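Novice:
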Amino acid sequence: MSQPRKIIIDTDPGQDDAVAILLALASPEIDLLGITCVAGNVPLALTRDNARKVCELAGRPDVKVFAGCDRPLERALVTAEHVHGKTGLDGADLPAPKMPLQGAHAADFLIETLRREPPGSVTLVAIGPLTNLATALRRAPDIAARIGRIVLMGGAYFEVGNITPAAEFNIYVDPEAAAIVFGAGVPLVVAPLDVTHKALVTAPRLAAFRALGTEVGATVAAWTDFFERFDKEKYASPGAPLHDPCTIAWLLHPDLFTGREINVEIETAGTHTTGMTVADWWRVTGRPANALFLGDVDADGFFSLLTERLSRL
Ligand code: BDR
Ligand code: CA
Numbered sequence: 005m006s007q008p009r010k011i012i013i014d015t016d017p018g019q020d021d022a023v024a025i026l027l028a029l030a031s032p033e034i035d036l037l038g039i040t041c042v043a044g045n046v047p048l049a050l051t052r053d054n055a056r057k058v059c060e061l062a063g064r065p066d067v068k069v070f071a072g073c074d075r076p077l078e079r080a081l082v083t084a085e086h087v088h089g090k091t092g093l094d095g096a097d098l099p100a101p102k103m104p105l106q107g108a109h110a111a112d113f114l115i116e117t118l119r120r121e122p123p124g125s126v127t128l129v130a131i132g133p134l135t136n137l138a139t140a141l142r143r144a145p146d147i148a149a150r151i152g153r154i155v156l157m158g159g160a161y162f163e164v165g166n167i168t169p170a171a172e173f174n175i176y177v178d179p180e181a182a183a184i185v186f187g188a189g190v191p192l193v194v195a196p197l198d199v200t201h202k203a204l205v206t207a208p209r210l211a212a213f214r215a216l217g218t219e220v221g222a223t224v225a226a227w228t229d230f231f232e233r234f235d236k237e238k239y240a241s242p243g244a245p246l247h248d249p250c251t252i253a254w255l256l257h258p259d260l261f262t263g264r265e266i267n268v269e270i271e272t273a274g275t276h277t278t279g280m281t282v283a284d285w286w287r288v289t290g291r292p293a294n295a296l297f298l299g300d301v302d303a304d305g306f307f308s309l310l311t312e313r314l315s316r317l
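All residue numbers for the sequence shown refer to this note's numbering, where the first residue is 5 and numbers rise by one.
1) For Thr262 and Gly299, what's the separation of their Cα atoms in angstroms?
2) Are there three or more Cβ pairs, one per stretch, closer than 8 Å when the segment 105 to 112 is compared with the segment 63 to 77?
3) Give the list of continuous alpha helix (DSSP H) stretches no shorter than 4 residues that lie fully inside the segment 179 to 252.
4) Can we say the segment 26 to 33 touches the segment 84 to 101, given the rule of at least three CB pairs closer than 8 Å?
5) Between Gly165, Gly221, Val126, which has its C-alpha nearest Asp14's C-alpha?
6) Quick one: is the Cβ of Ala28 within less than 6 Å of any heavy atom of ligand 1?
7) What is the C-beta distance between Pro76 and Asp178, in whole angstroms, given that I count them as a contact (C-beta under 8 Å)?
8) For a test of your reading of the model: does the CB of Asp178 fall under 6 Å from any non-hydrogen atom of ligand 2? Yes or no.
9) Measuring alpha carbon to alpha carbon, tell me which of Glu163, Gly158, Gly165, Pro191 ends up nearest Ala181.
10) Between Ile131 and ligand 2, is there a pair consisting of the residue's CB and a ligand heavy atom that are separated by less than 6 Å?
11) If you run the structure through DSSP and keep just helix, strand and coil, what is Lys68?
12) According to DSSP, which residues form a beta bridge with Ile13?
13) Measure from the alpha carbon of Ile257 to the alpha carbon of each residue in Gly305, Ala226, Glu232, then state which is nearest.
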């Protein structure tokens, strides 16, 4: 096997964030340099604890976890307890974390790591609002040229919004941060709702997590069971979308996904459309492409990869 790919996960756990972290920790192709936490699904005081709970669940108390921004760049924080529950990880009770929280701010860790590692060698996986990444890019514009790629879960086009009719949650919470990231000139891979809404935890897929017979399998089943109630009711779908693990799955097996290299702009000033990802899917604007915008996934392939990897923990 070639050298594992160095990544940093920026996250607001969130049950689906937690599954993404587990997938990364279970995958030998990935070298997780650290986890940076941001306010999003729940406030920062919870996301930084949740990330450590997940590492301990995976038997990895050695992972470096950093706390970052506790609010968006210019707006009041919007959270999503209506989906993820009061703790962000409702559905399974995990013990309070014992592993330490690192002292540095998440943005400083991002800057220091990107300046230390060879240019292009670090991938950022962003699965929450983009406040930490934007803060790092603002403080140290030189890091943009050193980031290998940003793979993020966020946005929506054909699938429209989940927090407003036009906007997906991660982008809506901090559109100014998203505009900085999408405008940074860094290679971007975007997993919008268009693709994550095809990665549904149906009853047989949930049963497969439970059938692993491990603590990890039981916990992932309990988490997905919890947040399913919301999405099933909202979309009348056979299961909830497992958004954030699509980013890690793309790193492991990009062939499971299809998409287009297109221009994507972030609406920051809309009356009804703030946080919308204006995706030029039909290439009608002539604006240069700045992202690989994913549109489809082999859902069975995705779930067999995920379930097999979780079985290793
Ligand atoms: C995104 O928002 C959060 O609720 C999920 O964790 C995911 O990152 C989906 O819109
Ligand atoms: Ca998330």
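By construction, the Cβ of each residue, glycine as well, lies at the ideal position given by its N, Cα and C atoms. In this text the structure is predicted, and so the values were computed from the model without any measurement.
Specialist: To lay it out plainly:
1) Your numbering for residue 262 matches position 258 in the sequence shown. Your numbering for residue 299 matches position 295 in the sequence shown. Each residue's Cα considered, the two are about 6 Å apart.
2) yes
3) Those alpha helix (DSSP H) runs which fall completely within the segment 179 to 252 and span 4+ residues are 179 to 186, 197 to 200, 207 to 214, 219 to 239.
4) no
5) Locating residue 14 in the sequence shown gives position 10, counting from the first residue. Comparing Cα positions, the closest option is Val126.
6) Indexing the sequence shown from 1 puts residue 28 at position 24. Relative to ligand 1, Ala28 has its C-beta separated by 6 Å or more from all heavy atoms.
7) Taking the first residue of the sequence shown as 1, we reach residue 76 at position 72. Taking the first residue of the sequence shown as 1, we reach residue 178 at position 174. At roughly 4 Å, the Cβ-Cβ gap stays under 8 Å, so Pro76 and Asp178 are in contact.
8) Here residue 178 refers to the residue found at position 174 of the sequence shown. Incorrect: Asp178 has no Cβ contact closer than 6 Å to ligand 2.
9) Start at 1 with the first residue of the sequence shown, and residue 181 comes out as number 177. Nearest Cα to Ala181 within the set Glu163, Gly158, Gly165, Pro191: Gly158.
10) Here residue 131 refers to the residue found at position 127 when the sequence shown is read from its first residue. Yes.
11) The residue you call residue 68 lines up with position 64 of the sequence shown. Three-state DSSP puts Lys68 in coil, outside helix and strand.
12) Here the question's residue 13 lines up with position 9 in the sequence shown. Answer is Ile39, Val129.
13) Position 253 of the sequence shown, counted from the start, is the residue given in the question as residue 257. It should be pointed out that residue 257 corresponds to His in this sequence rather than to Ile. For His257, the nearest C-alpha among the options comes from Gly305.
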